[in-house]
Structures are given as C-alpha cells and as structure tokens.
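J.: Please find one structure pasted underneath; my questions will follow.
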Amino acid sequence: MTTRQHKIGSGFGAASTAAEVLAGIDLTGTLALVTGGYSGIGLETTRVLAGAGAHVVVPARRRASAEEALSGIGGVEVDELDLADLDSVRAFADRFLASGRRIDTVIASAGIMAAPETRVGPGWEAQFATNHLGHFALVNRLWPAIADGARIVMVSSRGHHFSGIRWEDPQFTHGYDKWLAYGQAKTANVLFAVHLDALAKDRVRAFALHPGRIMTPLMRHLDAQELRDAGILSEDGTTIVGPSKTVEQGAATQVWAATSPLLAGMGGVYLDDCDVAEPAPAVDPRTGVRERTGICDYAIDPEQAARLWTLSTELTKEDAFA
Ligand SMILES: NC(=O)c1ccc[n+]([C@@H]2O[C@H](COP(=O)([O-])OP(=O)(O)OC[C@H]3O[C@@H](n4cnc5c(N)ncnc54)[C@H](OP(=O)(O)O)[C@@H]3O)[C@@H](O)[C@H]2O)c1
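This note's numbering numbers the first residue of the sequence shown as 9 and each following residue consecutively.
Quick look at the structure:
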C-alpha cells in the first residue's frame, strides 16, 4: 500500500519554535479560531498567530481565566465554549455565524488527558466527548463560515498509539481505562481530519498532528505518583522523562500545519516535528510491542474515518455535508 505519510523535508524540526515557522508569513486580514488558545501550547499558538497579524478568536470554557491569560496580546477576542456541552458548542457557533465573518484557520488545541471516568451530556465518556465530539460538532456547525482555502488543524497525540476506535464500546460502558480513553479520543482526532479532508479537499484541507511532549496543565488529572508510574515525569516530579519540548517548540507543528506553503495541495495527513510523519514501525514480533512513533495505520484508515464520521453524526446530529 502506498502512503502519503512521508517526510517532505520542511527544513524545520523538533527544536523549531512556532515563531520560527511563522517568520516571514503575514497573516494580516485573516481570522483564526484556536480552541484551548489560552493555556499550554494553545496559548503560545494564539500569541504567535496574533503577532503575525491574524485576528484570533479564543472560545474558552473559563472565560475569566482566558481573558487574564490573553491580556496584553492584541488582536484576540475571547468567547465562551464548553466542548463537553453540545448546547454550548451550538450557541458559540451560532453567535459566530451571526457575526458574518469568515474563518481561515481552525486549530483544535483544546483537550483533556487521562481524566478519571466522567460522563457528560447523554452519558458520553468525557475524553471522547471533549476531544472529539465537541470539535466535530463545532467544525460542522461553523462550516458555512469556513473560508475557501482554509485549513482545519486537529491537535492529536502520539497517545493515539494507545487505542484505535473501540467500535463495540466507544463510550466505555464496560471497564473504563483513562489511557485507552485518551488514545481513542486522539485516534478520533486524526480520523476526523482524514474524512473531513476527503469531503472538503476541493475547498478546505485538514491535518492532524502530534505536538511533542511538553510540560503543561494537561497533566492536571494525574497525581505525582501516576506521572512517575507512567514514565512521564522524573522521580522528583520536575522534568519530563525522555525527549521533550518547550511550549514554544510544542506549538510549532500546529502553527506550521496552519500556515506552511509547503503543505499546499496536501491534506488528510498526520504531522509531527513540523513535517509529515512517517508510518509507525511494525510491531516487534519478539516483544509484541510497537515503538510509539509515527502514525498507526488504523488512525488514517479511510474506512474507519468514514465510519467514525457516521457515528459522530448520529451522536451529535451535526453534519455539514449531509
Ligand atoms: N502537552 C503535551 O505533552 C501534549 C502531548 C501530545 C498532545 N497534546 C495535545 O495538545 C493539546 C493542547 O494541550 P496542552 O498541553 O496545551 O494542554 P492544556 O494547557 O491543558 O490546554 C488544554 C486547553 O483545553 C481546554 N479545554 C479542556 N476541556 C475543555 C472543554 N470542555 N471545553 C473547552 N475547552 C476545554 C482547557 O481549558 P481549561 O484550562 O479551562 O480547562 C485548556 O485551555 C491537547 O489536545 C493535547 O491532547 C499535548
């Protein structure tokens, strides 16, 4: 099988920062929507996009915190959005549509990781609902405002290696596991980009990506012992074990996905380190383990992407392409 998942030689890499990938790119007159754009790598994304001249809309679950985090950055507008609440998603989208403006870039950076079992809406598992279903409904609802030539950027994770879509029980009605739930949700982010790109590519392109490993509030649901046990933090709890990035580096791949001229004519691919990612290595037959790098086949499978779209439409009742 041929794959488009191969590096294209962007000239950028793991150490590149969001400001570096944007150097020389003028975003004056464009509008970007950045979910989660007031914390972690989303905040840095907002900062550099606004610095390059974009008007950035940041819909926030905690409006006052967002306004505080973004104070001092010009060209930014805060609104309200809880991705775990479809009424909130629809209300935000409808407010935006009523403004009559066009969106040139969506960066879906909001997310939660390894949360304890939580049910939202009609009993949905919270990581699937927040990370995937909320963004699915948001983009579909906003579709009339998405400009020709726009890019939709889904911030996924190498955590997609933890799980494909659990077709028999996507809501974890039996036996919740917080890491499998995160993995499923992050696989869903990639499959969403794959099918959205297939549907929209004459007009709009979609990408998914792994940003790297960055110390941010994303780890809030894990205590120090769990972070050590999962091999994420050092024994003293101060540093990430293994390769890690600063927030400035962590925001680079999503900013590159949103703006790089090198990606013109491409879409439906998964990126990391400011380039197209390679396929994941095969499972080692001796250990039965797969090294967690690159993109797993199941996360870019067009049939699974179409099937997830159908499921997501059934659940959210949103589909801009119906
Ligand atoms: N950091 C890493 O090492 C890493 C690695 C791989 C992938 N990622 C991905 O990168 C993305 C950004 O993560 P980050 O590290 O920047 O984490 P972060 O600092 O925790 O930012 C996540 C953002 O998502 C928002 N959010 C959470 N639930 C929401 C909801 N129901 N409605 C609206 N917004 C909501 C948070 O808002 P509140 O602050 O109000 O909760 C926050 O602004 C995530 O999708 C994550 O999966 C991160």
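Glycine included, C-beta positions come from ideal geometry on N, C-alpha and C.
(1) Ignoring anything shorter than 3 residues or poking outside the stretch 19–65, list the beta strand (DSSP E) runs there in chain order.
(2) Taking M223 as the reference, which of R12, S47, V29, T36 has the closest Cα?
(3) Where do the ends of the alpha helix (DSSP H) carrying Y306 lie?
(4) Is it the case that the Cβ atoms of D281 and A22 are separated by a distance below 8 Å?
(5) Here's the rule: buried if 16 or more other CB atoms are within 10 angstroms of the residue's CB, otherwise exposed. What is V291?
(6) Whose C-beta lies closer than 7 Å to the C-beta of A189 among residues of the same chain, with five residues either side of it excluded?
(7) Are there 16 or more other CB atoms within 10 angstroms of the CB of A72, so buried, or fewer, so exposed?
(8) Whose C-beta lies closer than 7 Å to the C-beta of A26 among residues of the same chain, with five residues either side of it excluded?
(9) What does the alpha-carbon distance come out to for the pair D138 and S117?
(10) Along the chain, where does the alpha helix (DSSP H) that runs through A74 open and close?
(11) Considering only C-alpha positions, which residue in the set I33, V114, E28, H14 is nearest to G45?
(12) Looking at M121 and ligand 1, is the gap between the Cβ and the nearest heavy atom below 7 Å?
(13) One question on the structure: do K194 and R221 come within less than 8 Å of each other, judged by their Cβ atoms?
(14) Grab the span of the alpha helix (DSSP H) containing L204 for me, first residue to last.
(15) Do G275 and F215 count as a contact pair if the criterion is CB distance below 8 Å?
(16) Beta carbon of L41, beta carbon of I111: below 8 Å?
(17) With DSSP run on the structure shown, which of helix, strand or coil describes V212?
(18) State the start and end residues of the unbroken alpha helix (DSSP H) segment that holds L105.
T.: Based on what the coordinates show:
(1) Look at the stretch 19–65 and you find these whole runs of beta strand (DSSP E), each 3 residues long or longer: 39–43.
(2) Numbered from 1 along the sequence shown, position 215 holds the residue referred to as residue 223. Measuring from the Cα of M223, the nearest candidate turns out to be S47.
(3) Working through the sequence shown from its first residue, we reach residue 306 at position 298. Per DSSP, Y306 is not a residue of any alpha helix (DSSP H), being assigned neither H nor E.
(4) Indexing the sequence shown from 1 puts residue 281 at position 273. Indexing the sequence shown from 1 puts residue 22 at position 14. Going by beta carbons, D281 and A22 fall inside the 8 Å limit.
(5) Here residue 291 is taken as the residue at index 283 of the sequence shown, counted from 1. Exposed.
(6) Mapped onto the sequence shown, residue 189 falls at position 181. Within the same chain, E133, Q135, F136, F180 come within 7 Å of A189 by CB-CB distance, once the 5 residues on both sides are set aside.
(7) By 1-based counting over the sequence shown, the position of residue 72 is 64. The residue in question, A72, is exposed, as its Cβ has fewer than 16 Cβ neighbours within 10 Å.
(8) Here residue 26 is taken as the residue at index 18 of the sequence shown, counted from 1. Counting only residues of its own chain and dropping the five nearest sequence neighbours on each side, A26 has a CB closer than 7 Å to the CB of E52, T53, V56, E256, A259, A260, V263.
(9) Numbered from 1 along the sequence shown, position 130 holds the residue referred to as residue 138. Numbered from 1 along the sequence shown, position 109 holds the residue referred to as residue 117. Correcting the residue type first, residue 138 is Thr in the shown sequence and not Asp. In a straight line, the C-alpha of T138 is about 11 Å away from that of S117.
(10) Translated into positions along the sequence shown, residue 74 becomes position 66. Bounds of the alpha helix (DSSP H) holding A74 are 71–78.
(11) Within the sequence shown, numbered from 1, the residue matching residue 45 stands at position 37. When the alpha-carbon of G45 is set against those of I33, V114, E28, H14, the nearest one is in V114.
(12) Working through the sequence shown from its first residue, we reach residue 121 at position 113. The beta carbon of M121 sits closer than 7 Å to at least one heavy atom of ligand 1.
(13) As a first step, residue 194 must be located in the sequence shown, where it is residue number 186. As a first step, residue 221 must be located in the sequence shown, where it is residue number 213. No, they are not a contact pair.
(14) Counted from its first residue, the sequence shown places residue 204 at position 196. Its alpha helix (DSSP H) spans residues 186–208.
(15) Residue 215 sits at position 207 when you count from the first residue of the sequence shown. Residue 275 sits at position 267 when you count from the first residue of the sequence shown. Taking C-beta atoms as the reference points, F215 and G275 count as a pair closer than 8 Å.
(16) Counted from its first residue, the sequence shown places residue 41 at position 33. Counted from its first residue, the sequence shown places residue 111 at position 103. Yes.
(17) Residue 212 sits at position 204 when you count from the first residue of the sequence shown. Residue state, collapsed to three classes: coil.
(18) As a first step, residue 105 is located in the sequence shown; it is residue number 97 there, counting from the start. Residues 94–106.
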